[in-house]
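Numbering (the working numbering), first residue to last: 124 to 278.
For each residue, glycine too, the CB sits at the ideal point set by N, CA and C.
These notes concern the structure reproduced below.
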Amino acid sequence: MIDWLRDQTEAADPVWQWMFLILAGAIPYVESYFGAAVGVVAGVNPVVAIGAAVLGNIASMVLLVVFAERIRHWKKSDEKPLSSRQQRFKRSFDKYGVAGVSLLGQTLLPSQLTSMGMVAFGAPKRAVIGWQTVSIILWGAAFGVLAVFGVGALT
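Here it is, written out as structure tokens:
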């Protein structure tokens, strides 16, 4: 899928490159970090590549946080026991808080799933969106810069 996105980005008009990179950023497990790297490898200006991938990742995360919050309020009375995976996530959430899970959670899960999980466990929507935005920007910028150096080393 990443190869397809890179090929489409390389062949596209600059306006469409933004759209492909925004789309890449919105896809879980691709997100801002791989979307930015794909854009840089495809020859897009690094600032544009990082910005577009970050924008797509933030947009999809915010939509899913709003959705998760509505589901949480709607299903509040229907409490089921947590699965072992959910229990691990809850322990991490209790230990590191919104900021820690936001900044470190992307090493294991996409930001969309991490943010939905935090909201499901009762974290304030604004805090989740704020910290996830910081995390998405940092991860996207870091991978975009790494891609710039990687492309530079190959040429």
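Exercise. What whole-angstrom Cβ distance do glycine 263 and proline 169 have, given they're in contact under 8 Å?
Worked result: At roughly 11 Å, the Cβ-Cβ gap does not stay under 8 Å, so glycine 263 and proline 169 are not in contact.
Problem set entry | Outcome for valine 138 when other beta-carbon atoms lying within 10 angstroms are tallied against a minimum of 16 | exposed
Exercise. What does a CB cutoff of less than 8 Å around leucine 269 pick up in its chain, not counting 5 residues either side in sequence?
Worked result: Ala160
For this session: Measure how close the beta-carbons of leucine 144 and glycine 158 come, nearest whole angstrom, since I'm counting them as under 8 Å.
Result: 5 Å
Problem set entry | Secondary structure of asparagine 180, DSSP reduced to three states | helix
Problem set entry | Same chain only: Cβ atoms within 7 Å of methionine 241, ignoring 5 sequence neighbours per side | Phe216, Val221, Val224 and Val251
Exercise. Per DSSP, what kind of secondary structure is proline 137 in: helix, strand or coil?
Worked result: helix
Problem set entry | Other residues of its chain near valine 163: CB distance less than 7 Å, five sequence neighbours each side excluded | Pro169, Ala172, Gly267, Ala270, Val271 and Val274
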